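Trainee: Here the UniProt record's numbering is used: the sequence shown runs in plain steps of one and ends on residue 323. Glycine included, C-beta positions come from ideal geometry on N, C-alpha and C. What you are looking at is a predicted structure, and each value in this text was computed from that prediction instead of being measured.
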Amino acid sequence: MAPGPERARNLPVISTQKALDRTARKKTPNLPVLSSPEDNLSRYLQEIRRYPLLTPEEELALARAWFYDQDREAAHRLVTSHLRLVAKIAMSYRGYGLPVSELISEGNIGIMQAVRRFDPERGFRLATYAMWWIRAAMQEYILHSWSLVKMGTTAAQKKLFFNLRRLKGQMQAFDEGDLHPEQVAQIATSLDVPEQDVISMNRRLAAPDHSLNAPLRVEGEGEWQDWLVDDQDSQEESLARDEEMGKRRALLSKAMGGLNEREKHILKERRLKDEPSTLEELSKHYGVSRERIRQIEARALEKIQNSMAGAVENSHRDKGLQD
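#1: If you reduce the DSSP assignment to three classes, tell me which class PHE67 lands in.
#2: Using the rule of at least 16 other Cβ atoms within 10 Å of the residue's Cβ for burial, across every protein chain shown, is GLU59 buried or exposed?
#3: Given a threshold of 16 other Cβ atoms within 10 Å of its Cβ, counted over all protein chains shown, does TYR68 qualify as buried or as exposed?
#4: Where does GLU275 fall in DSSP's three states?
#5: Would you check if there are 3 or more beta carbon pairs closer than 8 Å linking the stretch 80-92 to the stretch 46-60?
#6: Alpha helix (DSSP H) containing LEU78: first to last residue?
#7: ALA114 to LEU279, Cα distance in whole Å?
#8: Straight-line CA distance for TRP133 to GLY107?
#9: Starting from the Cα of SER92, find the closest Cα among LEU267, ASN163 and SER283 and give me that residue.
#10: Leaving out five residues before and five after TYR141 in sequence, what residues of the same chain have Cβ atoms less than 6 Å from its Cβ?
#11: Are the beta-carbon atoms of ALA90 and MET138 separated by less than 8 Å?
#12: Go ahead and pull the three-state DSSP assignment for SER307.
#13: For LEU267 versus ALA300, is the C-beta distance shorter than 8 Å?
#14: Expressed to the nearest angstrom, what Euclidean distance is found between the alpha-carbon atoms of ALA255 and ARG271?
#15: Can you give me the C-alpha to C-alpha distance between ILE296 and GLY258, rounded to a whole angstrom?
#16: Give the DSSP-derived three-state secondary structure of SER283 in the structure shown.
#17: Find out if the Cβ-Cβ distance for the pair ARG72, LEU62 is shorter than 8 Å.
#18: I need the straight-line Cα distance from VAL184 to VAL198, nearest angstrom please.
#19: Excluding the 5 residues preceding and the 5 following TYR129 in the sequence, name in chain order all residues of the same chain whose CB lies nearer than 7 Å to its CB.
#20: Suppose you measure from the CA of ALA136 to the CA of GLU102; what does that come to, to the nearest Å?
#21: Is PRO56 helix, strand or coil when you go by DSSP?
#22: Please identify the residue among ASN40, LEU251 and HIS144 whose C-alpha is closest to the C-alpha of LEU98.
#23: By how many angstroms is the C-alpha of TRP66 removed from the C-alpha of GLY47?
#24: Which two residues bound the contiguous alpha helix (DSSP H) that contains PRO120?
#25: Suppose you measure from the CA of LEU282 to the CA of GLU291; what does that come to, to the nearest Å?
#26: Within the continuous alpha helix (DSSP H) that includes TYR93, where are the two ends?
#27: Using beta-carbon positions only, say whether ALA188 and PRO181 come within less than 8 Å of one another.
#28: In the DSSP assignment, the alpha helix (DSSP H) including SER42 goes from what residue to what residue?
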């Protein structure tokens, strides 16, 4: 197995080809692909039991063989010995209404990623490390499959989306209606989220999805989407804005050309980086005082401003002559 999860050989999967293609991984040859989860899930679960679990000593030896020597067979055995773990985790996500086969497919990608990145010298088992990758792969698939309206966008909403059913099950709160106030309070405390978010998410999950293409009335014309307000700029406004930004970038580039190399470097480090360099860092780099760096920065800014102001003034003058 070459470096990376995409080349696991002879790995039994359920409908993984679609998931592998989507993530730009090469199709793995000779895989027993199961296309119908209803007919083939039990057969798949039986098949993966053929792959033995590893002792801690065996796992460590195989992990080192892959980590240091990229041993293909070692990586293959590490992946296949954890397929039962993938299936077990997939079963815990059955409540989201998605095929277990697809969840297993995503989890198989997760275990391959985990094996590729696993460092055997960290002192913990592969399963401990892989569970995060497997769950992350399945949750990403769920997030892409579910309605964004139901799922929500904030961290608290996503936490509720993945945990509300489990907590309701522990409370035996199986009714589709609103939760009791004490249940809301208990869930909010357990997940450290606002009570109103609990109420809102519970209602979201209970409500059916509606299409924006649905008619306003049974006998009438028009669809719900016709009443949505479009806050985006028109095509003409977007084009004008892009053209203006292009002109500004051109002016800035021309103005930067009037700086010497030190001024240009200091200005970029101080003004054009996501994490600007400090005066102290630049003073050490150039062997001058922080005050000197500040002066060079101020002078460079003044040159830029004067250059751009002059260019804009000339542009307006030329436009006036043309008119």
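Mentor: Result, derived from the coordinates:
#1: helix
#2: buried
#3: exposed
#4: coil
#5: yes
#6: 72-80
#7: 42 Å
#8: 8 Å
#9: ASN163
#10: GLU106
#11: yes
#12: helix
#13: yes
#14: 15 Å
#15: 14 Å
#16: helix
#17: no
#18: 6 Å
#19: ALA114 and PHE118
#20: 14 Å
#21: helix
#22: HIS144
#23: Here residue 47 turns out to be Glu, not Gly, going by the sequence shown. GLU47 and TRP66: Cα-Cα distance of roughly 25 Å.
#24: Here PRO120 belongs to no alpha helix (DSSP H), and DSSP marks it neither H nor E.
#25: 11 Å
#26: Taken as a continuous stretch (DSSP letters only), TYR93 belongs to no alpha helix (DSSP H), as it is neither H nor E.
#27: no
#28: 37-48
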